[in-house]
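Protein sequence lines, in the order shown, are assigned to chains C and P. The first sequence begins at 6 in the working numbering and counts up one residue at a time. The second sequence begins at 6 in the working numbering and counts up one residue at a time. Scroll down for the structure; my scribbles are underneath it.
Number of protein chains: 2
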Amino acid sequence: MESVDLKKLARLLNLSISTVSKALRDSYDISKETKERVIALANELNYQPNPHASSLRRHKSKTIAVIIPEIANNFFTLAINGIESIAQEKGYHVLIYITHEDAEKEVAFIKHLHNGRVDGVLISLSSSTKDYDHIKELQERGLPIVFFDRVYEHLNTACITTDDYESSYKATQHLIDKGCTNIAHLMFAESTSIGNKRMKGYVDAIHDNGLPFDEKMIVHCTNDDEQDYKLLEKIFRSKRPDGVFASVERYAILSYDVCNRLKLSIPEDIKLISFSNLQAAAFLNPPLSTIRQPAFDIGKEAASILFKALDKKMFKLKQENIVFKSTLVERESTSNSIIRKASDNKKVF
Amino acid sequence: MESVDLKKLARLLNLSISTVSKALRDSYDISKETKERVIALANELNYQPNPHASSLRRHKSKTIAVIIPEIANNFFTLAINGIESIAQEKGYHVLIYITHEDAEKEVAFIKHLHNGRVDGVLISLSSSTKDYDHIKELQERGLPIVFFDRVYEHLNTACITTDDYESSYKATQHLIDKGCTNIAHLMFAESTSIGNKRMKGYVDAIHDNGLPFDEKMIVHCTNDDEQDYKLLEKIFRSKRPDGVFASVERYAILSYDVCNRLKLSIPEDIKLISFSNLQAAAFLNPPLSTIRQPAFDIGKEAASILFKALDKKMFKLKQENIVFKSTLVERESTSNSIIRKASDNKKVF
DNA sequence: ATGAAAGCGCTAACAC
DNA sequence: GTGTTAGCGCTTTCAT
Numbered sequence: 006m007e008s009v010d011l012k013k014l015a016r017l018l019n020l021s022i023s024t025v026s027k028a029l030r031d032s033y034d035i036s037k038e039t040k041e042r043v044i045a046l047a048n049e050l051n052y053q054p055n056p057h058a059s060s061l062r063r064h065k066s067k068t069i070a071v072i073i074p075e076i077a078n079n080f081f082t083l084a085i086n087g088i089e090s091i092a093q094e095k096g097y098h099v100l101i102y103i104t105h106e107d108a109e110k111e112v113a114f115i116k117h118l119h120n121g122r123v124d125g126v127l128i129s130l131s132s133s134t135k136d137y138d139h140i141k142e143l144q145e146r147g148l149p150i151v152f153f154d155r156v157y158e159h160l161n162t163a164c165i166t167t168d169d170y171e172s173s174y175k176a177t178q179h180l181i182d183k184g185c186t187n188i189a190h191l192m193f194a195e196s197t198s199i200g201n202k203r204m205k206g207y208v209d210a211i212h213d214n215g216l217p218f219d220e221k222m223i224v225h226c227t228n229d230d231e232q233d234y235k236l237l238e239k240i241f242r243s244k245r246p247d248g249v250f251a252s253v254e255r256y257a258i259l260s261y262d263v264c265n266r267l268k269l270s271i272p273e274d275i276k277l278i279s280f281s282n283l284q285a286a287a288f289l290n291p292p293l294s295t296i297r298q299p300a301f302d303i304g305k306e307a308a309s310i311l312f313k314a315l316d317k318k319m320f321k322l323k324q325e326n327i328v329f330k331s332t333l334v335e336r337e338s339t340s341n342s343i344i345r346k347a348s349d350n351k352k353v354f
Numbered sequence: 006m007e008s009v010d011l012k013k014l015a016r017l018l019n020l021s022i023s024t025v026s027k028a029l030r031d032s033y034d035i036s037k038e039t040k041e042r043v044i045a046l047a048n049e050l051n052y053q054p055n056p057h058a059s060s061l062r063r064h065k066s067k068t069i070a071v072i073i074p075e076i077a078n079n080f081f082t083l084a085i086n087g088i089e090s091i092a093q094e095k096g097y098h099v100l101i102y103i104t105h106e107d108a109e110k111e112v113a114f115i116k117h118l119h120n121g122r123v124d125g126v127l128i129s130l131s132s133s134t135k136d137y138d139h140i141k142e143l144q145e146r147g148l149p150i151v152f153f154d155r156v157y158e159h160l161n162t163a164c165i166t167t168d169d170y171e172s173s174y175k176a177t178q179h180l181i182d183k184g185c186t187n188i189a190h191l192m193f194a195e196s197t198s199i200g201n202k203r204m205k206g207y208v209d210a211i212h213d214n215g216l217p218f219d220e221k222m223i224v225h226c227t228n229d230d231e232q233d234y235k236l237l238e239k240i241f242r243s244k245r246p247d248g249v250f251a252s253v254e255r256y257a258i259l260s261y262d263v264c265n266r267l268k269l270s271i272p273e274d275i276k277l278i279s280f281s282n283l284q285a286a287a288f289l290n291p292p293l294s295t296i297r298q299p300a301f302d303i304g305k306e307a308a309s310i311l312f313k314a315l316d317k318k319m320f321k322l323k324q325e326n327i328v329f330k331s332t333l334v335e336r337e338s339t340s341n342s343i344i345r346k347a348s349d350n351k352k353v354f
């Protein structure tokens, strides 16, 4: 428990505290000699400056907060990886807050950030967040906050996303190209940016292809597996969609489950495509056609922008949308061929 | 940027700073009246105490560090969820450090924790960690540190794990029961606790069943997908195992890939079982038999123990192993029936 | 080139 | 019941 602090180093070296401090910060007006002496001892004793003292004095904490709705999710997990890679590079520390899709928790977390614990915030909004005063207030305190994935575009800061609208349009078009005419959209919370944009892409593709639009084909999913399962079961039964566009990975997995239960065959009865970063998508039964988001890059870019705002006092965050393209990966779940693929021959005997 | 601090509150209320401070901490010797006045204003202005000042003064930071080898991993992701649930309850903050399986980074992170940034540490060791001096040193500084999953049992602290040995034995036995006689073990880094225990379970089951043990059937996997792919391809080709026990999820996914490539059928040619917390395991082709670890509970328990050590000064961490049982979930990847399951009938025409 | 001293915002003795 | 004061460990003028 004997902690090493500047006082101790100073005493041991017969120097003043301030000299030691300056030496360690490589100040110009300390002689090379003493610098070396100081650094040598500091290393020997593994001196680590007390971050609280330092933060208190300098009004910066060298840490950022990452606020996400959930973590058992391939997208966020990859995004954190991207964020963390930049933070490590910059010598920053990363605090994680998980809102579990609860706006109240989001507000509470943000409130707790109002006094210097972090220098900046990266956030992906919870699905139940309906107003943005908590974010605004934080900004007014001078804290840079940048959005990624689930964003709010009217707050004079950067939003890092994927091309949700275009990707959804493409996914829907893909289903149509494969012969679907009765396509269900498993929609994510309509209070979110992604929920809306992904739905708009779907709706526009339906219209542009002259297909009838049926409000009932939009399934307003929740955050609860059981409830969503029932919703899907109901619509798969009653509306008999021949195509399903899942706006998030979880709904795709549920779709597999429901189809199994209802003995609906993918892709023969229902073609399925989903936003998903699932590593194992290619090994599902059948392999899942996905829209793969560049999650790592999104995290990385969000962090980079935030650090730009932290590094340079001149750099001001301004409203801007930075968009990374997703990739549509076609697999068997949207195949319209009757011929089994070679890799599946083994399944038939 | 106008920050609200005790001084400001005191000025506005015509009280001294210490009175305000005590009122907010609900001290006994402040009148109910002033307490209410103080709290009212504090809420109105959304006063948040400066955590650095407070930490500096009280020598505790109300934050813990979680050090993990990787994050794009269902196990760790669930464990973090468990940890975070407890931390939230206790009002603690969670710093995340990802070592990316790099022992040097692990050492560096731990060194940085030597001066009060956190009150305690939860760690799952990197696969390249070979000595534990950095951990010992941290302990000597008085910081409680508890292990989970990838542990080191000789350090006088708690280790929270699953029953790696028993589960591996069961998994291997399961393959044997299904008729396998030539079983490969895809082994995780032998410097890790889990790598060793899982192998031992495999070896003992092989022996106990009177099967010949072949050193060559143990594949020493790495952290690199490409390299591992080649290793698997080689052994699947040359040794023609009829059963494969993957010690971690990643190796199972790779096995699917390699089997596809080599036109080996699961489970007809090779039966496959793996430690895995993959949500979609039931929808893989074929559905994957798994050993599912109670990852959330492991994280939760690790955090609970750590907080016990933080809450009560009397409570001393001592060497103890807390073991949560994993569950073997049998699915088609280890099936030995020739009859296709009903749910798969649709695949045949 | 080095040191003395003030102070970041808060807490906790200790006065009054 | 309220106020005064002395730090926590560090950074940073300002003196020497």
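Even for Gly, the Cβ is constructed at its ideal location relative to N, Cα and C. Computed from a predicted model, the values in this text were never measured in an experiment.
Whole-angstrom C-beta distance between residue j and residue i, which should lie under 8 angstroms
i, j, result
"residue 189 (chain P)", "residue 132 (chain P)", "Incorrect: roughly 20 angstroms between the Cβ atoms, too far for contact."
"residue 183 (chain P)", "residue 341 (chain P)", "5 angstroms"
"residue 103 (chain C)", "residue 73 (chain C)", "6 angstroms"
"residue 244 (chain C)", "residue 221 (chain C)", "6 angstroms"
Backbone CA spacing between residue i and residue j [nearest angstrom]
i, j, result
"residue 289 (chain P)", "residue 320 (chain P)", "46 angstroms"
"residue 265 (chain C)", "residue 105 (chain P)", "38 angstroms"
"residue 66 (chain P)", "residue 92 (chain P)", "13 angstroms"
"residue 22 (chain C)", "residue 51 (chain C)", "17 angstroms"
"residue 14 (chain C)", "residue 212 (chain P)", "59 angstroms"
"residue 89 (chain C)", "residue 237 (chain P)", "31 angstroms"
"residue 246 (chain P)", "residue 269 (chain P)", "11 angstroms"
"residue 143 (chain P)", "residue 76 (chain C)", "29 angstroms"
"residue 36 (chain P)", "residue 124 (chain P)", "33 angstroms"
"residue 145 (chain C)", "residue 138 (chain C)", "10 angstroms"
"residue 95 (chain P)", "residue 313 (chain P)", "11 angstroms"
"residue 101 (chain P)", "residue 8 (chain P)", "28 angstroms"
"residue 363 (chain C)", "residue 116 (chain P)", "Here chain C comprises residues numbered 6 to 354, so residue 363 (chain C) is not present and cannot be evaluated."
Below-7 angstroms beta-carbon distance, residue i vs any chain C residue
i, result
"residue 60 (chain P)", "yes"
"residue 346 (chain P)", "Residue placement at residue 346 (chain P) cannot be trusted, given a pLDDT of 44 that sits under 50; the coordinates are not used to answer."
"residue 351 (chain P)", "Below a pLDDT of 50, predicted positions are generally treated as unreliable, and residue 351 (chain P), at 38, falls in that range; the measurement from the model is reported next regardless. So, interface residue."
"residue 194 (chain P)", "no"
"residue 200 (chain P)", "no"
"residue 284 (chain P)", "yes"
"residue 53 (chain P)", "yes"
"residue 83 (chain P)", "yes"
Closest by C-alpha distance to residue i, when choosing among the options
i, options, result
"residue 336 (chain C)", "C:298, C:279, C:301, C:17", "C:279"
"residue 332 (chain C)", "C:316, C:297, C:323", "C:297"
"residue 155 (chain P)", "P:202, P:100, P:173", "P:202"
"residue 302 (chain P)", "P:82, P:36, P:130, P:322", "P:82"
"residue 71 (chain C)", "C:56, C:271, C:97", "C:97"
"residue 185 (chain P)", "P:328, P:177, P:95", "P:177"
"residue 197 (chain P)", "P:88, P:38, P:252", "P:252"
"residue 248 (chain C)", "C:315, C:179, C:313, C:60", "C:179"
"residue 19 (chain P)", "P:42, P:8, P:30", "P:42"
"residue 80 (chain P)", "P:300, P:115, P:262, P:130", "P:300"
"residue 250 (chain P)", "P:172, P:89, P:159, P:100", "P:172"
"residue 84 (chain P)", "P:329, P:246, P:292", "P:329"
"residue 216 (chain P)", "P:187, P:126, P:29", "P:187"
"residue 157 (chain P)", "P:130, P:113, P:200", "P:130"
"residue 136 (chain C)", "C:147, C:126, C:86, C:159", "C:159"
Test: residue i CB closer than 7 angstroms to a CB of chain P
i, result
"residue 232 (chain C)", "no"
"residue 6 (chain C)", "Per-residue confidence for residue 6 (chain C) stands at a pLDDT of 48, beneath the threshold of 50, marking its modelled position as unreliable; the derived number appears in the next sentence. Cβ-Cβ to chain P under 7 angstroms: yes for residue 6 (chain C)."
"residue 259 (chain C)", "no"
"residue 125 (chain C)", "no"
"residue 335 (chain C)", "no"
"residue 87 (chain C)", "no"
"residue 99 (chain C)", "yes"
Exercise. Give a yes or no on contact between the segment 141 to 152 of chain C and the segment 301 to 314 of chain C, applying the rule of three or more CB pairs nearer than 8 angstroms.
Key: yes
Item checked: Cβ pair count under 8 angstroms reaching 3, the segment 51 to 64 of chain C against the segment 108 to 121 of chain P -> yes
Across the segment 105 to 116 of chain P and the segment 231 to 245 of chain P, are there enough close Cβ pairs to call them in contact, namely three or more that are closer than 8 angstroms? no
**Asked** Are the segment 156 to 165 of chain C and the segment 320 to 329 of chain C in contact at 8 angstroms, needing three or more beta carbon pairs?
**Response** yes
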